[in-house]
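Asker: Take a look at the following structure, please.
Protein chains in written order, with the UniProt record's numbering: chain C, 1 to 108; chain B, 1 to 339.
Structure (structure tokens):
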């Protein structure tokens, strides 16, 4: 199955989930997603998603300057983001349960 | 986690190119989209090597799509109508045609863009060279002598920086900037033809272009002045027409002529070496040609001439078949006529 298509649908909630406890910058967020099993996720997709969630008010962002290297842009979750995460988690649970039931049923 | 990463040139260049592919976005949007990207990519590259940096165009597209700004090819800005909208539409159509072409044409064209940046800079320098005009025209603009190279180099740098979208054009932004660049590009395309066809090829550099002002069509001259026509008479002093003349090497002779003349022909093309050349009269005030085309000998006849008997044999031996109807011996009419 082409998991990249599946990823697109859940990337928002996945990104919100990995920054819910701890702020992170782009590559940091990407690494968290990959270590938790989303190996195929593209970095540009993650960075784009972060920007979009920020524009939608679900994330806050701040730049941490650096003396030697380029500045790093951190993202943290906002109350809007938290309620969005809660809502989408419920949606996912319902959806995943439905699909799992459906697939198991079709197998018999 | 580390606070800083050393920014490699590869990463900086990659981000630069990604930003370039996002140039249709507003500056604020673009900044928003790419801020911190260097740091993220630097860390990625530090972990996995520069091989992870793919195609900047694809990367920009993915970034843009994920950020919800829509694919570039479907992107329109309906709020900006008029010329900007028309340019966007034309650009979108072009993108559609190119991306629909088989065999990775789009990628090829994309890769060739820097070649065009350099080429148009060269055209610009050559056009200045053509315009100044006093100097020999060559592959390297010679406008200021040795500075031709330097001038070309400066033009290339400016052109490439413009192409990469990193050259500020002062107060020119948005539509004005687009129109200016479009005009310059079109101008370069048009001038590519004169800039190229005027270039010297191979060995004629010095002959034809090294002394451009001195270069003239080969012609007969008498006392330094170009001969306009030749009127042959035979040995008996009677006018001859249709006499073809060649020099000692068999090269056909020709005259400078004038615009009222009509040349002899061999049925296919004009033969400039047959004399006299018929001509119409030229009005000295208007330079217009008037009256019928005629052969007007300056003198009705000349006194007859003969060769000493000792010479006659040699001339006859050299030209066994010269059968004019005049003169006591074969070939005599040729010798004096050519003198």
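C-beta: ideal position from N, C-alpha, C; glycine also. Given the structure is predicted, the values throughout are model-derived calculations rather than measurements.
1. Where does residue 81(C) fall in DSSP's three states?
2. Can you check whether the C-beta of residue 63(B) is within less than 8 Å of a C-beta belonging to chain C?
3. If you run the structure through DSSP and keep just helix, strand and coil, what is residue 292(B)?
4. What separation, rounded to the nearest whole angstrom, lies between the Cα atoms of residue 112(B) and residue 189(B)?
5. For a contact meaning CB atoms closer than 7 Å, what does residue 49(C) contact in chain B?
6. State yes or no: is the beta carbon of residue 83(C) nearer than 8 Å to at least one beta carbon in chain B?
7. Give the DSSP bridge partners of residue 282(B), in chain order.
8. Which partner residues does residue 264(B) have in the DSSP bridge list?
9. Give the range of the beta strand (DSSP E) segment to which residue 62(C) is assigned.
10. Could you compute how far the alpha carbon of residue 24(C) sits from the alpha carbon of residue 83(B)?
11. Within 8 Å, do at least three Cβ pairs link the segment 74 to 87 of chain C to the segment 46 to 59 of chain B?
12. Using a Cβ-Cβ cut-off of 8 Å, state whether residue 36(C) counts as contacting chain B.
13. Could you check where the alpha helix (DSSP H) with residue 71(C) kicks off and where it finishes?
14. Apart from the five residues just before and just after residue 10(B), which ones in its own chain have a Cβ nearer than 8 Å to its Cβ?
15. Measure the C-alpha to C-alpha separation of residue 16(C) and residue 18(B) and round it to an integer number of angstroms.
16. Give me the Cα-Cα distance between residue 161(B) and residue 2(C), rounded to the nearest whole angstrom.
17. Can you check which of these residues, 234(B), 298(B), 110(B), 279(B), is closest to residue 263(B) by C-alpha distance?
18. Please list the residues of the segment 13 to 40 of chain B that have a C-beta atom closer than 7 Å to any C-beta atom in chain C, keeping them in chain order.
19. Could you work out which residue in 120(B), 179(B), 180(B) is closest to residue 154(B) when comparing CA atoms only?
20. Looking at chain C, is there any beta carbon in it that lies within less than 8 Å of the beta carbon of residue 57(B)?
21. Given a cut-off of 8 Å on the beta-carbon distance, is the pair residue 228(B) and residue 257(B) in contact?
22. Quick test of your reading: residue 59(C) and residue 75(C), contact by CB under 8 Å. State the CB separation rounded to the nearest angstrom.
23. Could you tell me the alpha carbon to alpha carbon distance between residue 21(C) and residue 9(C), rounded to whole angstroms?
24. Report yes or no: is there a C-beta of chain B within less than 8 Å of the C-beta of residue 76(C)?
25. Anyone know if the C-beta pair for residue 63(C) and residue 36(B) falls short of 8 Å?
26. Thinking C-alpha only, which one of 261(B), 184(B), 149(B) is nearest residue 287(B)?
27. Name, in chain order, the residues that DSSP records as bridge partners for residue 222(B).
28. Assuming residue 60(B) and residue 7(B) are in contact, meaning their beta carbons sit under 8 Å apart, how far apart are those beta carbons, in whole angstroms?
29. Taking CB distances under 8 Å as the criterion, tell me whether residue 44(B) reaches chain C.
30. Reducing DSSP to helix, strand and coil, say where residue 208(B) ends up.
31. Do you know how far the Cα of residue 156(B) is from the Cα of residue 118(B)?
32. Pull up the DSSP beta-bridge partners for residue 246(B), would you.
33. From residue 64(B) to residue 31(C), what distance separates their C-alpha atoms?
34. So, using beta-carbon positions, are residue 276(B) and residue 306(B) closer together than 8 Å?
35. Under three-state DSSP, which class holds residue 231(B)?
36. With H, G and I counted as helix, E and B as strand and the rest as coil, what does DSSP make of residue 308(B)?
Answerer: The structure says:
1. Here residue 81(C) sits in helix by DSSP.
2. Answer yes: the Cβ-Cβ gap between residue 63(B) and chain C drops below 8 Å somewhere.
3. Residue state, collapsed to three classes: strand.
4. Between residue 112(B) and residue 189(B), the C-alpha separation is close to 15 Å.
5. Neighbours of residue 49(C) on chain B, chain order: 66.
6. Answer no: the Cβ-Cβ gap between residue 83(C) and chain B never drops below 8 Å.
7. Within the DSSP secondary-structure output, residue 282(B) pairs in a beta bridge with 289(B).
8. Residue pairing from DSSP places residue 264(B) in a beta bridge opposite 271(B).
9. Its beta strand (DSSP E) spans residues 59 to 64.
10. Approximately 43 Å, taken between the alpha carbons.
11. By the Cβ criterion, the segment 46 to 59 of chain B is not in contact with the segment 74 to 87 of chain C, since fewer than three pairs of Cβ atoms, one from each stretch, lie closer than 8 Å.
12. No, no contact with chain B.
13. Taken as a continuous stretch (DSSP letters only), residue 71(C) belongs to no alpha helix (DSSP H), as it is neither H nor E.
14. Shown here for residue 10(B): same chain residues with a beta carbon closer than 8 Å to its own, the five before and five after excluded, namely 45, 50, 53 in chain order.
15. Those two C-alpha atoms are separated by around 25 Å.
16. Approximately 41 Å between the Cα atoms of the pair.
17. If we check each option's Cα against that of residue 263(B), 279(B) comes out closest.
18. For the segment 13 to 40 of chain B, the set of positions with a beta-carbon nearer than 7 Å to some beta-carbon of chain C reads 32, 33, 35, 36, 37, 38, 39, 40 in chain order.
19. Check the Cα spacing between residue 154(B) and each of 120(B), 179(B), 180(B): the tightest is with 120(B).
20. Chain C, which has no Cβ nearer than 8 Å to the Cβ of residue 57(B), makes this no.
21. Residue 228(B) places its beta carbon less than 8 Å from that of residue 257(B).
22. Right, the Cβ-Cβ distance comes to about 5 Å (below 8 Å), so this counts as a contact.
23. In this structure, the straight-line span from the alpha carbon of residue 21(C) to that of residue 9(C) is close to 22 Å.
24. For residue 76(C), not one C-beta of chain B is nearer than 8 Å to its own C-beta.
25. Taking 8 Å as the Cβ cut-off, residue 63(C) and residue 36(B) qualify as a contacting pair.
26. Of the listed residues, the one whose Cα sits closest to residue 287(B) is 261(B).
27. Residue 222(B) is bridged to 225(B).
28. About 19 Å; that fails the 8 Å criterion.
29. Taking Cβ atoms only, chain C reaches closer than 8 Å to residue 44(B), which makes this a yes.
30. The pLDDT assigned to residue 208(B) is 42, lower than 50, so where the model puts this residue is not dependable; a value taken from the coordinates is nonetheless given after this. Helix at residue 208(B).
31. CA-to-CA, the gap between residue 118(B) and residue 156(B) works out to about 5 Å.
32. BP columns for residue 246(B) point to 252(B).
33. Their Cα atoms are separated by approximately 21 Å.
34. Their beta carbons are not under 8 Å apart, which means residue 276(B) does not touch residue 306(B) by this criterion.
35. Three-state result, residue 231(B): coil.
36. Residue 308(B): coil per DSSP, three-state reduction.
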